[in-house]
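Since the structure comes first, as structure tokens, the remarks are kept for the end.
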Amino acid sequence: MRLMFALGQIPEGIQSTSFAFFLLFFYNQVLGLSGFLSSLAIVLALIVDAVSDPVIGSWSDGYRHKWGRRHPFMYVAALPFAVSFYFLFAPPKGLSEIQIFGWLLIFAVLTRTTQSVYSVPHTSLTAELSDDYHERTLLSALRSILQSCGTLMVFLIGFQVFFGATPEYPNGQLNPDAYPRFAALFSLLIFIGVLLTAAGTHSHIPHLPQATPDSRFRFSQVVQEALMAFSFRSFRTVVVTAVLFGMTMGMVSALSIYLGTLYFQFSLELIGLSFPASILGSFMGAGLATPLGRMFKEKKNLLIAGLLWYGFWNTLPIILSLLGYFPEPGNPWLFYMVMTANAISAMGIGLLTVMIGSMIADITDQHEAKYGSRNEGIYFAASSFAAKAISGFGIIISGVVVDIAGIQRSATVETVDPDSLMTLAIAMGPGVLILIGMTAFASSFYDLSKAEHERIQAAIAQTH
């Protein structure tokens, strides 16, 4: 059951990685949409997200069906999620810039909304499948590992199968015909993955919490539940931490193609080879989350350690390069040094992903102890929104960086301005380090300790 539940993160890994690494590049460098308009479309999509996620969470919390509160939403979302993802990367040819903007806006909204219909109920199961402090960390770790599998599939298959060099396009990522084929395969995998995890956990429905007979969905209830959730300092802290880290990681993801090809001057083949190393690092970080959680005892401390680990190793090559203490492009050691630093930094990502999910699961117990109801959906809606911030807010920032740096469409090592590369490196080095410092500071305000959580669970047990 654990594996079938975690399997549901593969579609999320596919979607988030495609958004973070390919969406801005496709619309900006291939289709010619300006960084400003790309960012505007993403902002508008995120505004819709900010409303839809808590609505779906609250609706799911109070939904009464023979298949429980979560599974009907998961089954219904499978096809529209997959279809919306496909059309996002397959716009008709011959569109004007404003039409391309409209296409991006419509299908970014549809993809994110249908993903929410699936992901909010699915992630809510983290708190419902177990009430054990460390078991929830294990479930979150398995989710993180399987999401990394989806990420790895996108990189390996994308670069090796769809974005390889051709006589017409030496840089295969500039080939507009590759993207619809890429989207067709991964939309199919999204569809299969959603159905598999829903069917694989279906037998557990009788053991899950059910909505009370008087539960009825109302929009006013969404506002009320959101205010209840944000009354907890622990929840406010996790949301701010997740969104700040999502912005940071999203910017790094979207600009990594520019950094690799233009600043470090790696070939696409080398870039494609570097991603599996980062995924391996993320695997290791997620796998270490449970034993490290027992060592650190307090989840907040492990979260901060993961943040600082990621920030240091991710920015180290860029900062050393800016200071003149790193190999120049063309040095055979450069690729291996950057790849190693990225793999080590990814261990922090694995830890962070696990801890955020586990901490939100604990906060739902805090809610039940105070208000007497189970409202996992509204809490994991925040988790869903934060996850999509990785491919949303990050793309917004990266689009602005591309415009400020003056990186032109289809830019190459020969045509790019050195000042543009300097701006890019400053954003990806010192800029990222500052954002990570802000995130670590925000996370320090989390106040739900292990001892307090055990007291809360004991109080809940007495009421059942």
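The numbering of the sequence shown is my numbering, which starts it at 51 and goes up by one.
By construction, the Cβ of each residue, glycine as well, lies at the ideal position given by its N, Cα and C atoms.
Bear in mind the structure is a predicted one, so any value in this text is a computation, not a measurement.
- If you ignore the 5 residues before and after M334, its C-beta comes within less than 6 Å of the C-beta of M397, all in its own chain and listed in chain order.
- Burial is judged here by how many other beta carbons sit within 10 angstroms of a residue's own beta carbon; F75 has at least 16 and is buried.
- Taken through DSSP and simplified to helix, strand or coil, T201 comes out as helix.
- By alpha-carbon distance to P171, the top candidate from P122, A455, I156 is P122.
- Per the coordinates, the alpha-carbon of L401 lies some 16 Å from the alpha-carbon of T176.
- In this chain, the alpha helix (DSSP H) harbouring F333 covers 318 to 346.
- Excluding five sequence positions before and after A455, the CB atoms of its chain that fall closer than 6 Å to its own CB belong to S470, T473, L474, given in chain order.
- Taken through DSSP and simplified to helix, strand or coil, L83 comes out as coil.
- Secondary structure of F282 (DSSP, three-state): coil.
- Proximity of the segment 96 to 104 to the segment 186 to 203 falls short of the contact definition, fewer than three beta-carbon pairs being nearer than 8 Å.
- Rounded to whole angstroms, the separation of the alpha carbons of L370 and N364 is 11 Å.
- Nearest in C-alpha terms to F362, of all of F346, L384, V482, is V482.
- For the set G479, I447, I413, V451, the Cα lying nearest the Cα of D497 is the one of I413.
- In the DSSP annotation of this structure, W117 is not part of any alpha helix (DSSP H), being labelled neither H nor E.
- Ranked by how close their Cα comes to the Cα of A490, the residues I447, L338, T298 have T298 in first place.
- When the beta-carbon positions are compared, P61 and G243 come within less than 9 Å of each other.
- Counting along the chain, G400 sits inside the alpha helix (DSSP H) bounded by residues 382 to 421.
- Burial check for V463: the Cβ neighbour count within 10 Å stays below 16, so the residue is exposed.
- Assigned with DSSP and collapsed to three states, D469 falls in helix.
- Residues H121 of the same chain have their beta carbon placed closer than 7 Å to that of H252, with the five preceding and five following residues left out of the count.
- Closest option to S448, judged by alpha-carbon separation, among R286, Q65, G296: G296.
- If you look at M478, you'll find it isn't in any alpha helix (DSSP H); DSSP assigns it neither H nor E.
- Contact between the segment 107 to 114 and the segment 131 to 149 is not established, with fewer than three Cβ pairs separated by less than 8 Å.
- Of G118, P226, G107, the smallest CA-CA separation from V167 is found for G107.
- Going by C-alpha positions, L188 is about 48 Å away from E218.
- In this structure, the straight-line span from the alpha carbon of Q507 to that of L485 is close to 35 Å.
- Fewer than three pairs of CB atoms, one per stretch, sit closer than 8 Å, so the segment 220 to 234 makes no contact with the segment 374 to 389.
- Scanning its chain for C-beta atoms nearer than 7 Å, with the 5 sequence neighbours on each side dropped, one finds around S328 the residues N392, A393, A396, in chain order.
- Rounded to whole angstroms, the Cβ separation of F131 and F157 is 12 Å, and the two are not in contact under 8 Å.
- In the structure shown, the three-state DSSP call for F376 is coil.
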